[in-house]
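Letter by letter, the sequence shown follows residues -26 to -1, 1 to 312 in mature numbering (1 follows the signal peptide of the UniProt record, and there is no 0).
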Amino acid sequence: MRKSLVVGRFMTVAALLLAFSTPGTLGGTSSAAPKDSPWGENYFPNVPLVTHDGKTVRFYDDLIKDKKVLINFIYAGCEKACPLATARLVQVQKLLGPRVGRDIFIYSITLDPEHDTPRVLKEYAEKYGAGPGWLFLTGRREEIDAVRFKLGERGEEKEDHNNLVRVGDGAKGQWMRLPLFGDLNFLVVEIGKTLDPNWYAGKPVESYAEAPRLKIPEPGQVLFQTRCALCHTLGEGDLLGPDLKGVTARRERVWLARFIAAPDRMRASKDSIAVELFAKYNMVSMPNLGLTGTEVADLINYLEAQTTAGRGSRDASGNEKEAPRGEGQRQADPGGGR
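Structure representation (structure tokens):
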């Protein structure tokens, strides 16, 4: 238990990439789930679904049996939590690298099949940069319901569905659920532990005594880590959205506050900057995060502090990194920044 906690907490992104870059299948050869497993072919419905490329597949036979999978549920038209969940899976996809489509498969299943046709889902997949091995799936309402109930998705409205990823090994009948909006490194570590019993083999174990002291983050930093870092960086370039380093110097505070509080309303009102950003960043909608006025102010204060706090860039957690020579002299894109 101690080993698990230490490695899980302090594994770096570089080590994670190395852990998932070795050839071969995760955990050795695969086979059908044990007959006595409660989560095998007798549990999952073998209903037909349709991929974003228009191909009909059987849920158990083609997507689950003998495969290691990550599954979540989405609404392509959602402008709140779904874009953040998809953005998080984009990050997971990048960390897992070439294993996605080879050893691990990602499935995003719509909860709105009447609207989310294969064409709509294909556009959605392209918008977020989903790579090979990541399928977006639709089907008839009764078939979607059969699948989602078996995977614990019981919400009836957009606001009700959960933002969990189901991590499953179809060969062993082993499943777990993980929150998508927690720490990215922890999420990938837990995926590795679940899908590969030998994941820790040969990895160094660090002592708690050698762990860096953790600082209590300020409110704005917590908001950035949990809401913004899925799509933005501070000084490391654009992701799905613009790099936010220096955004408070490029945008008026009043405009920033209005946009952060209600980006959907700003786009609907045809605000020129909001419309320009939407077009520039592949029409990926910044979601309405439902922040209070105090939270918006905390976030802007944090972003402002990063603009004035030296030349170092910050990682996705908001921790300062030493800037390479010349980075501090790079001129900001006058059109970027939310």
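C-beta atoms are modelled at their ideal positions from N, C-alpha and C, and glycine is treated no differently.
Rounded C-alpha distance that separates TRP13 from GLY147: TRP13 and GLY147: Cα-Cα distance of roughly 5 Å.
8 Å contact criterion, which LEU265 and ALA223 should meet: CB distance rounded: With a Cβ gap of about 22 Å, LEU265 and ALA223 do not count as contacting.
Status (buried if at least 16 other CB within 10 Å, exposed otherwise) for ASN172: ASN172 counts as exposed, since fewer than 16 other C-beta atoms from the protein chains shown sit within 10 angstroms of its C-beta.
C-alpha gap between LEU37 and TRP108, whole angstroms: A straight-line Cα-Cα distance of about 11 Å links LEU37 and TRP108.
Boundaries (first-last residue) of the alpha helix (DSSP H) holding LYS96: Taken as a continuous stretch (DSSP letters only), the alpha helix (DSSP H) holding LYS96 covers 92 to 102.
Beta-carbon proximity list for GLU192, same chain, < 7 Å, skipping 5 on both sides: Cβ-Cβ distances below 7 Å link GLU192 to TYR276 in the same chain, with the five nearest sequence neighbours on each side left out; the list follows chain order.
Beta-carbon gap between GLU117 and VAL21 smaller than 9 Å: The criterion of a C-beta distance shorter than 9 Å is satisfied by GLU117 and VAL21.
Per DSSP, cross-strand counterpart(s) of SER82: Note: SER82 sits in a beta bridge opposite ASN46 and PHE110.
For THR200, three-class secondary structure by DSSP: In the structure shown, THR200 sits in a helix (DSSP, three-state: H, G or I).
Neighbourhood of GLY211 by C-beta, 8 Å cutoff - its chain only, sequence neighbours within 5 removed: So the list reads ASP217, once near-sequence residues are dropped.
C-beta contact flag for MET240 and ALA248 at 9 Å: In contact: MET240 and ALA248 (Cβ atoms closer than 9 Å).
For MET240, the three-state DSSP class (helix, strand or coil): Looking at MET240 - three-state DSSP - the assignment turns out to be helix.
Where ASP27 falls, given that 16 or more other Cβ within 10 Å makes a residue buried: Burial state of ASP27 is exposed, judged by a 10 Å Cβ sphere holding fewer than 16 other Cβ atoms.
THR25, enclosing beta strand (DSSP E) - first and last residue: Segment 22 to 25, the beta strand (DSSP E) holding THR25.
The region 135 to 151 / the region 96 to 103 touching (three or more Cβ pairs under 8 Å): No: fewer than three Cβ pairs fall under 8 Å.
Beta-carbon proximity list for GLN65, same chain, < 6 Å, skipping 5 on both sides: Hits under 6 Å: LEU158.
Inter-residue spacing [alpha-carbon to alpha-carbon] between GLY166 and VAL94: Cα-Cα distance, rounded: 31 Å.
One or two residues paired with PRO216 in a DSSP bridge: Its beta-bridge partners do not exist; DSSP assigns none.
Per-residue DSSP class, three states only, for THR60: DSSP places THR60 in helix when its eight states are reduced to three.
Residue range of the alpha helix (DSSP H) that includes ASP272: That run of the alpha helix (DSSP H) goes 267 to 282.
Residue environment, PRO237, which counts as buried when at least 16 other CB atoms sit within 10 Å: Label assigned to PRO237: buried.
Same chain, Cβ closer than 8 Å to GLY75, neighbours up to 5 away in sequence not counted: Taken in chain order, the residues that qualify are GLY105, PRO106, GLY107 and TRP108.
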